[in-house]
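With numbering that gives the first Met the number 0, the residue at position 75 of the sequence shown is 74, and numbering never jumps.
For reference, the structure discussed in these notes is given below.
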Amino acid sequence: MVLETHGFADAHAHVSEKGFSDRYPDFDRAVIVFGCTARPSEWDSMAGCAVPGTVRFYGVHPWYMDEWDEASAGRLESILEEDPRANVGEIGLDGKRGDPSLQRPAFESQLDIASGFGRIANVHMVGCERDVLESIRRHAGGCRAVVLHSFSSESYVKPFAEAGCMFSVNPRILARSESRIARLLRSVPEDRLLLETDAPYLAREFSGMTGFADRLAGILGTTGEELMRLTLDNARRIADV
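Have a look at this one:
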(Lines of atoms letter the chains of each structure in order from A and count residues from 1; the text may use other names and numbers.)
(Lines give C-alpha, C1' and ligand atoms only; values in the text may rest on other atoms or scores of the structure.)
Protein backbone atom coordinates (compact mmCIF):
# COMPACT_ATOMS: atom_id res chain seq x y z
CA MET A 1 0.00 0.00 0.00
CA VAL A 2 1.46 3.37 -1.03
CA LEU A 3 1.13 6.08 1.60
CA GLU A 4 0.85 9.72 0.58
CA THR A 5 2.07 12.71 2.55
CA HIS A 6 -1.21 14.60 2.07
CA GLY A 7 -4.65 13.10 1.99
CA PHE A 8 -7.19 11.58 4.33
CA ALA A 9 -8.56 8.35 5.73
CA ASP A 10 -12.18 7.30 5.29
CA ALA A 11 -13.01 5.01 8.21
CA HIS A 12 -16.20 3.55 6.72
CA ALA A 13 -17.17 3.18 3.06
CA HIS A 14 -18.70 0.42 0.95
CA VAL A 15 -16.07 0.48 -1.76
CA SER A 16 -17.10 -2.79 -3.39
CA GLU A 17 -20.54 -1.41 -4.25
CA LYS A 18 -21.20 -0.07 -7.72
CA GLY A 19 -20.99 3.70 -7.96
CA PHE A 20 -19.66 4.17 -4.45
CA SER A 21 -17.60 7.21 -5.47
CA ASP A 22 -20.08 8.84 -7.89
CA ARG A 23 -20.86 11.65 -5.43
CA TYR A 24 -17.43 11.68 -3.81
CA PRO A 25 -15.49 14.38 -5.71
CA ASP A 26 -12.23 14.19 -3.76
CA PHE A 27 -12.00 10.42 -3.37
CA ASP A 28 -8.69 10.52 -5.24
CA ARG A 29 -7.19 12.08 -2.09
CA ALA A 30 -8.11 9.07 0.05
CA VAL A 31 -4.98 7.35 1.34
CA ILE A 32 -6.71 4.76 3.50
CA VAL A 33 -10.29 3.51 3.13
CA PHE A 34 -11.90 1.08 5.54
CA GLY A 35 -13.98 -0.88 3.05
CA CYS A 36 -16.94 -2.54 4.78
CA THR A 37 -19.42 -5.19 3.72
CA ALA A 38 -22.94 -5.90 4.96
CA ARG A 39 -23.61 -9.50 3.95
CA PRO A 40 -21.73 -12.61 2.80
CA SER A 41 -22.77 -12.10 -0.83
CA GLU A 42 -20.49 -9.03 -0.87
CA TRP A 43 -17.38 -10.75 0.47
CA ASP A 44 -16.01 -11.99 -2.84
CA SER A 45 -16.31 -8.50 -4.32
CA MET A 46 -14.43 -7.08 -1.35
CA ALA A 47 -11.71 -9.70 -1.68
CA GLY A 48 -11.22 -8.67 -5.31
CA CYS A 49 -11.55 -4.94 -4.68
CA ALA A 50 -8.83 -2.99 -6.48
CA VAL A 51 -9.54 0.42 -4.93
CA PRO A 52 -6.15 1.78 -3.80
CA GLY A 53 -5.67 2.06 -0.05
CA THR A 54 -8.51 -0.29 0.87
CA VAL A 55 -8.36 -1.99 4.26
CA ARG A 56 -10.81 -4.88 3.86
CA PHE A 57 -13.64 -5.64 6.28
CA TYR A 58 -15.98 -8.64 6.09
CA GLY A 59 -19.13 -8.87 8.17
CA VAL A 60 -22.86 -9.36 8.47
CA HIS A 61 -24.83 -6.20 9.23
CA PRO A 62 -27.65 -6.42 11.81
CA TRP A 63 -30.23 -5.88 9.06
CA TYR A 64 -29.10 -9.19 7.55
CA MET A 65 -28.59 -11.19 10.74
CA ASP A 66 -30.48 -14.13 9.21
CA GLU A 67 -27.51 -14.61 6.89
CA TRP A 68 -25.18 -15.27 9.82
CA ASP A 69 -24.90 -19.00 10.46
CA GLU A 70 -22.27 -21.70 10.92
CA ALA A 71 -21.35 -21.58 7.26
CA SER A 72 -20.80 -17.83 7.18
CA ALA A 73 -18.91 -17.97 10.48
CA GLY A 74 -16.61 -20.63 9.08
CA ARG A 75 -16.13 -18.66 5.89
CA LEU A 76 -15.25 -15.50 7.82
CA GLU A 77 -12.70 -17.39 9.88
CA SER A 78 -11.16 -18.79 6.70
CA ILE A 79 -10.89 -15.30 5.20
CA LEU A 80 -9.12 -14.00 8.30
CA GLU A 81 -6.79 -17.00 8.35
CA GLU A 82 -5.84 -16.46 4.72
CA ASP A 83 -5.55 -12.66 4.85
CA PRO A 84 -3.72 -11.25 7.89
CA ARG A 85 -4.84 -7.74 6.86
CA ALA A 86 -8.56 -8.58 6.77
CA ASN A 87 -10.90 -7.26 9.46
CA VAL A 88 -14.51 -7.64 10.59
CA GLY A 89 -17.37 -5.28 9.73
CA GLU A 90 -19.93 -3.94 9.32
CA ILE A 91 -21.44 -5.61 12.36
CA GLY A 92 -23.53 -4.33 15.26
CA LEU A 93 -27.01 -3.63 16.60
CA ASP A 94 -29.85 -1.49 15.24
CA GLY A 95 -32.77 -0.56 17.48
CA LYS A 96 -34.64 1.25 14.72
CA ARG A 97 -34.75 -1.67 12.34
CA GLY A 98 -35.28 -5.07 13.84
CA ASP A 99 -34.96 -6.48 17.34
CA PRO A 100 -31.52 -5.94 18.93
CA SER A 101 -32.03 -8.95 21.20
CA LEU A 102 -32.27 -11.12 18.08
CA GLN A 103 -29.35 -9.35 16.40
CA ARG A 104 -27.06 -9.69 19.39
CA PRO A 105 -25.94 -13.32 18.98
CA ALA A 106 -24.69 -12.61 15.44
CA PHE A 107 -22.98 -9.43 16.62
CA GLU A 108 -21.24 -11.07 19.54
CA SER A 109 -20.21 -14.09 17.50
CA GLN A 110 -18.51 -11.80 14.99
CA LEU A 111 -16.88 -9.81 17.80
CA ASP A 112 -15.54 -13.08 19.18
CA ILE A 113 -14.01 -13.91 15.81
CA ALA A 114 -12.47 -10.46 15.42
CA SER A 115 -11.10 -10.68 18.95
CA GLY A 116 -9.75 -14.18 18.43
CA PHE A 117 -7.81 -13.07 15.36
CA GLY A 118 -6.78 -9.72 16.83
CA ARG A 119 -8.47 -7.72 14.07
CA ILE A 120 -10.38 -4.44 13.86
CA ALA A 121 -14.17 -4.53 14.27
CA ASN A 122 -16.22 -1.84 12.49
CA VAL A 123 -19.47 -1.45 14.43
CA HIS A 124 -22.93 -0.17 13.45
CA MET A 125 -24.84 1.21 16.44
CA VAL A 126 -28.29 2.79 16.26
CA GLY A 127 -30.20 3.35 19.50
CA CYS A 128 -28.43 0.50 21.29
CA GLU A 129 -25.46 2.17 22.94
CA ARG A 130 -25.78 0.38 26.26
CA ASP A 131 -26.12 -3.05 24.66
CA VAL A 132 -23.26 -2.44 22.22
CA LEU A 133 -21.02 -1.26 25.04
CA GLU A 134 -21.80 -4.36 27.08
CA SER A 135 -21.08 -6.63 24.11
CA ILE A 136 -17.79 -4.88 23.39
CA ARG A 137 -16.70 -5.16 27.01
CA ARG A 138 -17.46 -8.89 27.04
CA HIS A 139 -16.42 -9.96 23.56
CA ALA A 140 -13.92 -7.52 22.00
CA GLY A 141 -11.01 -7.69 24.41
CA GLY A 142 -8.63 -9.11 21.83
CA CYS A 143 -9.60 -6.80 18.96
CA ARG A 144 -6.88 -4.64 17.50
CA ALA A 145 -9.43 -1.81 17.62
CA VAL A 146 -13.18 -1.25 17.63
CA VAL A 147 -14.40 1.52 15.31
CA LEU A 148 -17.81 2.97 16.17
CA HIS A 149 -19.31 3.87 12.80
CA SER A 150 -21.21 7.18 12.48
CA PHE A 151 -20.77 7.91 16.17
CA SER A 152 -22.91 10.68 17.65
CA SER A 153 -23.67 9.73 21.26
CA GLU A 154 -21.81 12.32 23.32
CA SER A 155 -22.94 10.89 26.66
CA TYR A 156 -21.31 7.55 25.83
CA VAL A 157 -17.87 8.82 24.83
CA LYS A 158 -16.27 8.15 28.21
CA PRO A 159 -17.35 4.50 28.65
CA PHE A 160 -16.59 3.63 25.03
CA ALA A 161 -13.20 5.34 25.30
CA GLU A 162 -12.48 3.33 28.44
CA ALA A 163 -13.35 0.22 26.43
CA GLY A 164 -10.67 1.23 23.89
CA CYS A 165 -12.97 2.28 21.05
CA MET A 166 -12.36 4.65 18.15
CA PHE A 167 -15.01 7.22 17.23
CA SER A 168 -15.80 7.67 13.53
CA VAL A 169 -17.77 10.82 12.66
CA ASN A 170 -20.02 10.98 9.61
CA PRO A 171 -21.16 14.07 7.59
CA ARG A 172 -24.73 13.45 8.76
CA ILE A 173 -23.66 15.08 12.01
CA LEU A 174 -23.69 18.44 10.22
CA ALA A 175 -27.47 18.46 10.59
CA ARG A 176 -26.87 19.28 14.25
CA SER A 177 -26.13 22.69 15.72
CA GLU A 178 -22.50 23.78 15.81
CA SER A 179 -22.59 23.84 19.60
CA ARG A 180 -23.66 20.18 19.76
CA ILE A 181 -21.05 19.18 17.21
CA ALA A 182 -18.37 21.03 19.17
CA ARG A 183 -19.35 19.32 22.43
CA LEU A 184 -19.18 15.90 20.81
CA LEU A 185 -15.86 16.43 19.07
CA ARG A 186 -14.21 17.98 22.10
CA SER A 187 -15.30 15.05 24.24
CA VAL A 188 -13.52 12.55 21.97
CA PRO A 189 -9.80 12.00 22.70
CA GLU A 190 -7.76 13.25 19.72
CA ASP A 191 -6.05 9.90 19.25
CA ARG A 192 -9.44 8.15 18.95
CA LEU A 193 -11.08 10.37 16.32
CA LEU A 194 -11.76 9.20 12.76
CA LEU A 195 -13.69 10.63 9.80
CA GLU A 196 -15.89 8.64 7.42
CA THR A 197 -18.40 8.98 4.59
CA ASP A 198 -20.38 5.68 4.45
CA ALA A 199 -20.19 6.04 0.64
CA PRO A 200 -22.25 5.43 -1.42
CA TYR A 201 -24.81 6.08 1.36
CA LEU A 202 -23.87 9.73 1.57
CA ALA A 203 -25.44 12.54 3.53
CA ARG A 204 -27.51 14.83 1.32
CA GLU A 205 -25.23 17.80 2.00
CA PHE A 206 -21.99 15.88 1.34
CA SER A 207 -19.59 17.69 -0.99
CA GLY A 208 -16.42 15.72 -0.30
CA MET A 209 -14.28 14.71 2.65
CA THR A 210 -12.25 17.90 2.33
CA GLY A 211 -15.35 20.05 2.73
CA PHE A 212 -16.54 17.93 5.65
CA ALA A 213 -13.19 18.29 7.42
CA ASP A 214 -13.19 22.02 6.77
CA ARG A 215 -16.65 22.37 8.34
CA LEU A 216 -15.64 20.44 11.45
CA ALA A 217 -12.32 22.26 11.69
CA GLY A 218 -14.07 25.62 11.57
CA ILE A 219 -16.18 24.59 14.55
CA LEU A 220 -13.09 23.41 16.44
CA GLY A 221 -10.87 26.35 15.56
CA THR A 222 -8.34 24.38 13.54
CA THR A 223 -7.85 23.67 9.82
CA GLY A 224 -9.29 20.94 7.66
CA GLU A 225 -5.82 19.78 6.66
CA GLU A 226 -4.80 19.43 10.30
CA LEU A 227 -7.94 17.47 11.09
CA MET A 228 -7.46 15.17 8.10
CA ARG A 229 -3.82 14.64 9.05
CA LEU A 230 -4.76 13.76 12.63
CA THR A 231 -7.45 11.29 11.63
CA LEU A 232 -5.25 9.79 8.91
CA ASP A 233 -2.55 9.16 11.51
CA ASN A 234 -5.13 7.51 13.77
CA ALA A 235 -6.32 5.24 10.96
CA ARG A 236 -2.75 4.33 10.03
CA ARG A 237 -2.01 3.40 13.62
CA ILE A 238 -4.90 1.01 14.10
CA ALA A 239 -4.61 -0.51 10.61
CA ASP A 240 -0.82 -0.75 10.90
CA VAL A 241 -0.19 0.61 7.40
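Using N, Cα and C, we set each Cβ at its ideal position, and we do this for glycine too.
- Cβ contact annotation for Arg214 (same chain, cutoff 7 Å, sequence separation greater than five): Leu173, in chain order.
- Shown here, His138 sits in a helix according to DSSP, grouped into three states.
- Val50 is the residue among Tyr23, Val50, Arg28 whose C-alpha sits nearest the C-alpha of Cys35.
- Scanning Ser154, Ala113, Gly91, Ile112 for the CA closest to the CA of Arg103 turns up Gly91.
- Judged by pairs of C-beta atoms under 8 Å, the region 5-18 touches the region 221-235, as three or more such pairs exist.
- By the C-beta density criterion, Glu195 is buried, having at least 16 other C-beta atoms within 10 angstroms.
- The C-beta of Thr221 has fewer than 16 other C-beta atoms within 10 Å across all chains shown, which makes the residue exposed.
- Between the alpha carbons of Glu224 and Ala70 lies a distance of about 44 Å.
- Burial check for Pro188: the Cβ neighbour count within 10 Å stays below 16, so the residue is exposed.
- Taking every protein chain shown into account, the CB of Gly140 has fewer than 16 other CB atoms within 10 angstroms, so this residue is exposed.
- Cβ neighbours of Val32 within its own chain (closer than 8 Å, five residues either side excluded): Ala8, Asp9, Ala12, Val14, Val50, Gly52, Thr53, Val54.
- Along the length of the region 18-102, whole alpha helix (DSSP H) runs at least 4 residues long occupy 42-46, 69-81, reported in chain order.
- In the three-state reduction of the DSSP assignment, Ala105 falls in the helix class, which pools H, G and I.
- Nearest to Gly126 by C-alpha distance, out of Arg203, Ser151, Ala113, Phe106, is Ser151.
- Met124 has Leu92 as its beta-bridge partners, per DSSP.
- Secondary structure note for Asp197: it is in no beta strand (DSSP E), with a DSSP letter that is neither H nor E.
- By the neighbour-count definition (other C-beta atoms within 10 Å, threshold 16), Pro83 is an exposed residue.
- Leu219 is the residue among Thr209, Pro99, Leu219 whose C-alpha sits nearest the C-alpha of Ile180.
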